[in-house]
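In the working numbering, the protein residues as written are 75 to 535.
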């Protein structure tokens with residue numbers, strides 16, 4: 075979008091975010107941004123209906139009771155922007171039901187939406203300006219992840235939160251109307267708050283939900299600090315101690331992202347983002363599809379002798395290793411990242427839905443069937459550009475069934491369709507808003523309305 079090529083990556087990203095305030099955006103990109111915004115809000119509302127997560131929100135509210143201009147999903151009243159962003163991002167990610175961009179492995183909406191929503195509500199934004207911020211955030215964050223495909227994850231960091239912090243800062247700064255220099259400073263400041271490690275996999279803890287919430291929260295604070303005169307490094311991404319080197323150990327990622335930024339405003343990466351159709355790790359989804367396809371042929375809950383999953387090594391780090399632990403998850407939160415457990419439920423004729431994945435009890439029958447499931451690496455997998463699955467099921471009568479899913483449903487290649495996205499939103503939002511309230515929120519988000527009206531529609535009680 076710009077003719078000049080500024081010195082740093084964060085400066086180029088900041089220029090794009092500023093220009094997108096009024097620059098042309100294709101109609102299909104804007105409409106898709108509305109759907110991702112709605113999907114994230116629906117998931118956040120559903121999370122706030124889960125008793126264990128609601129206790130967390132109420133504890134945060136008790137510690138931070140101040141009122142403000144920003145909506146905190148599932149709670150009454152409005153909160154300070156940074157606190158609302160923390161709560162909403164944590165809610166949107168807590169169910170493992172939020173969207174994903176495949177090649178970059180970013181859960182874009184769970185960090186972009188809470189940051190953009192809170193900043194927009196705090197600074198007299200409109201629903202249109204909010205949607206433009208959502209587009210800007212996706213376009214930048216996806217490119218950050220694509221610059222080092224799987225690099226952050228291999229080092230044990232989640233790119234959503236590490237990269238999300240400076241991107242959230244850019245969005246907050248634009249919403250505040252900060253000049254370019256302070257916008258770039260905000261991204262640099264947020265880099266010093268970046269984090270989010272995968273060690274939660276060791277014991278099934280639910281701290282991963284915090285990752286995008288903290289990144290969004292950090293971005294809001296970074297913009298405030300920049301406005302107050304704090305400075306940050308322009309080379310927060312590509313510098314010697316920047317995010318690419320420090321978190322991905324990838325000295326080539328800066329140059330890669332520079333090339334990716336060349337496409338800003340011409341190549342719209344939001345169009346490649348995928349909606350989730352099950353509340354569990356996205357890597358597991360194509361295996362569930364494959365299992366459902368086999369069940370449609372052989373009937374419900376067949377007698378299974380053995381199951382073999384061939385898995386991309388990058389995905390296996392999260393959903394397969396260590397396998398004995400994955401076969402016997404200790405909580406439903408840990409089960410969200412267990413390929414054998416989720417697969418066993420589907421093969422038993424049971425759903426992977428919110429009730430199953432947020433309850434306090436593990437399905438022991440699924441654990442028992444998990445012992446018959448094995449995996450092996452599939453190095454030829456196109457992961458992470460595609461989330462594929464190779465599944466073989468052998469029945470006790472000797473019949474063998476094989477399915478290969480090349481790309482997960484809900485992706486750009488196999489879109490979910492707006493009706494399915496609406497059904498998902500309604501099922502999630504109705505838990506707190508009721509049917510009429512959920513319908514009203516969907517109408518505002520997808521067909522028209524203003525930001526104040528949206529805030530009123532999302533108030534509980």
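Where is the CB? At the ideal position from N, CA and C, for every residue including glycine.
Here the structure is a predicted model, which means the values were calculated and not measured.
Cβ shell of residue 76 (< 6 Å), same chain only, five flanking positions each side left out = Position 2 of the chain shown holds residue 76. Its pLDDT being 48, under 50, residue 76 is placed unreliably by the model, and the measurement read from it follows with that caveat. So the list reads 89, once near-sequence residues are dropped.
Rank 292, 93, 196 and 446 by C-alpha distance to the C-alpha of residue 160 and give the top, closest one.
-> Stepping through the chain shown from its first residue, residue 160 is reached at position 86. Of the candidates 292, 93, 196 and 446, the one whose C-alpha sits nearest the C-alpha of residue 160 is 292.
May I have the straight-line CA-CA distance separating residue 104 from residue 446, to the nearest angstrom?
-> As a working note, residue 104 is residue 30 in the chain shown. As a working note, residue 446 is residue 372 in the chain shown. Going from the Cα of residue 104 to the Cα of residue 446 covers about 46 Å.
Express the C-alpha separation of residue 360 and residue 239 in angstroms, rounding to a whole number.
-> In the chain shown, the residue the question calls residue 239 occupies position 165. In the chain shown, the residue the question calls residue 360 occupies position 286. When rounded, the distance between both Cα atoms is 30 Å.
Which residues DSSP lists as bridging residue 383, in chain order = Mapped onto the chain shown, residue 383 falls at position 309. Paired residue(s): 449 and 465.
Out of 263, 282 and 277, which has the shortest C-alpha to C-alpha gap to residue 271?
-> What you label residue 271 is simply residue 197 of the chain shown in a count that begins at 1. For the residues 263, 282 and 277, the minimum Cα distance to residue 271 belongs to 282.
Classify residue 352 as buried or exposed, calling it buried when 16 or more other Cβ atoms lie within 10 Å of its own Cβ.
-> Position 278 of the chain shown, counted from the first residue, corresponds to residue 352. Burial call: buried.
Do the segment 218-225 and the segment 261-281 make contact, defined as three or more Cβ pairs closer than 8 Å?
-> no
Ordered along the chain, which non-local residues of its own chain (more than five positions away) have a Cβ less than 6 Å from that of residue 153?
-> Along the chain shown, read from residue 1 onward, the residue named residue 153 stands at position 79. Excluding sequence neighbours, residue 153 sits near 142, 144 and 146.
Expected contact under 8 Å - CB spacing of residue 167 and residue 286 to nearest Å = Here the question's residue 167 lines up with position 93 in the chain shown. Here the question's residue 286 lines up with position 212 in the chain shown. The Cβ separation is near 5 Å, so the contact holds.
Look up residue 478 in the DSSP assignment and give the residues it is bridged to.
-> In the chain shown, counting from the first residue as 1, residue 478 sits at position 404. Answer is 464, bridged to residue 478.
Does the pairing of the segment 419-426 with the segment 363-377 give three or more beta-carbon distances under 8 Å?
-> yes
Euclidean distance between Cα positions of residue 396 and residue 491 = In the chain shown, residue 396 corresponds to position 322, counting from 1. In the chain shown, residue 491 corresponds to position 417, counting from 1. Distance between the alpha carbons of residue 396 and residue 491 is about 36 Å.
Smallest Cα separation from residue 400: which of 225, 121, 440 and 139?
-> To locate residue 400, count along the chain shown from 1; it is residue 326. Considering only alpha carbons, the answer is 440.
What is the rounded straight-line gap between the Cα of residue 498 and the Cα of residue 304?
-> One-based indexing of the chain shown puts residue 498 at position 424. One-based indexing of the chain shown puts residue 304 at position 230. Those two C-alpha atoms are separated by around 42 Å.
Secondary structure of residue 347, DSSP reduced to three states = Taking the first residue of the chain shown as 1, we reach residue 347 at position 273. DSSP places residue 347 in strand when its eight states are reduced to three.
Leaving out five residues before and five after residue 243 in sequence, what residues of the same chain have Cβ atoms less than 6 Å from its Cβ?
-> As a first step, residue 243 must be located in the chain shown, where it is residue number 169. 260, 261, 264, 293, 296 and 297, listed in sequence order.
Which first and last residues belong to the alpha helix (DSSP H) in which residue 118 is found?
-> To locate residue 118, count along the chain shown from 1; it is residue 44. Looking at the DSSP string, the run of the alpha helix (DSSP H) that includes residue 118 is 101-122.
So which of 279, 241 and 374 has the shortest CA-CA distance to residue 289?
-> Along the chain shown, one-based indexing puts residue 289 at 215. With distances taken between Cα atoms, residue 289 lies closest to 241.
Which word fits residue 377, buried or exposed, when buried means at least 16 other C-beta atoms lie within 10 angstroms of its C-beta?
-> Residue 377 sits at position 303 when you count from the first residue of the chain shown. Residue 377 is exposed by the Cβ-count criterion.
Run through DSSP, which three-state label would residue 285 get?
-> Taking the chain shown and counting its residues from 1, one reaches residue 285 at position 211. Residue 285: helix per DSSP, three-state reduction.
Closest by C-alpha distance to residue 258, when choosing among 309, 278 and 380 | Taking the first residue of the chain shown as position 1, residue 258 is located at position 184. Checking every option, the nearest Cα to that of residue 258 belongs to 309.
Looking only at its own chain, which residues have a Cβ that is under 6 Å from the Cβ of residue 188, when we skip the five neighbours before and after it?
-> On the chain shown, position 114 is the one that residue 188 refers to. The residues are 159, 162, 163 and 290.
Excluding the 5 residues preceding and the 5 following residue 474 in the sequence, name in chain order all residues of the same chain whose CB lies nearer than 7 Å to its CB.
-> Position 400 of the chain shown, counting from 1, holds the residue named residue 474. Same-chain partners within the cutoff: 466 and 468.
Whole runs of the alpha helix (DSSP H) within the segment 169-241, excluding any shorter than 4 residues = 182-196, 201-220 and 225-228
Kindly indicate which residue of 91, 82, 448 and 355 has the alpha-carbon position closest to the one of residue 306.
-> Here the question's residue 306 lines up with position 232 in the chain shown. Comparing Cα positions, the closest option is 82.
What residue range is occupied by the uninterrupted alpha helix (DSSP H) comprising residue 138?
-> Translated into the one-based positions of the chain shown, residue 138 becomes position 64. From DSSP, residue 138 is part of no alpha helix (DSSP H); its letter is neither H nor E.
So, helix, strand or coil for residue 144, using DSSP?
-> Position 70 of the chain shown, counting from 1, holds the residue named residue 144. DSSP places residue 144 in strand when its eight states are reduced to three.
Between residue 458 and residue 186, which are expected to be in contact by the criterion C-beta below 8 Å, what is the C-beta distance as a whole number of angstroms?
-> Within the chain shown, numbered from 1, the residue matching residue 458 stands at position 384. Within the chain shown, numbered from 1, the residue matching residue 186 stands at position 112. About 19 Å; that fails the 8 Å criterion.
Does the distance from the CB of residue 208 to the CB of residue 190 come in under 8 Å?
-> Position 134 of the chain shown, counting from 1, holds the residue named residue 208. Position 116 of the chain shown, counting from 1, holds the residue named residue 190. Yes. Within cutoff.
Should residue 415 be labelled buried (16 or more other beta-carbon atoms within 10 Å of its own) or exposed?
-> Position 341 of the chain shown, counted from the first residue, corresponds to residue 415. The residue is buried, with at least 16 neighbouring Cβ atoms inside 10 Å.
Taking 8 Å as the threshold, find out whether the segment 501-509 comes into contact with the segment 112-131 through three or more Cβ pairs.
-> yes
DSSP beta-bridge partners for residue 271?
-> The residue given as residue 271 occupies position 197 in the chain shown. For residue 271, which the question treats as bridged, DSSP gives the partners 231.
Among 343, 213, 200 and 436, which one has its Cα closest to the Cα of residue 485?
-> Reading the chain shown from its first residue, position 411 is the one you call residue 485. Comparing Cα-Cα distances from residue 485 to each of 343, 213, 200 and 436, the minimum goes to 343.
Do residue 520 and residue 107 come within 8 Å of each other at the CB atom, strictly closer than that value?
-> Taking the chain shown and counting its residues from 1, the one referred to as residue 107 is at position 33. Taking the chain shown and counting its residues from 1, the one referred to as residue 520 is at position 446. Their beta carbons are not under 8 Å apart, which means residue 107 does not touch residue 520 by this criterion.
Alpha carbon of residue 317 to alpha carbon of residue 206, nearest angstrom | On the chain shown, residue 317 is found 243 positions in, with the first residue counted as 1. On the chain shown, residue 206 is found 132 positions in, with the first residue counted as 1. The alpha-carbon atoms of residue 317 and residue 206 are separated by roughly 26 Å.
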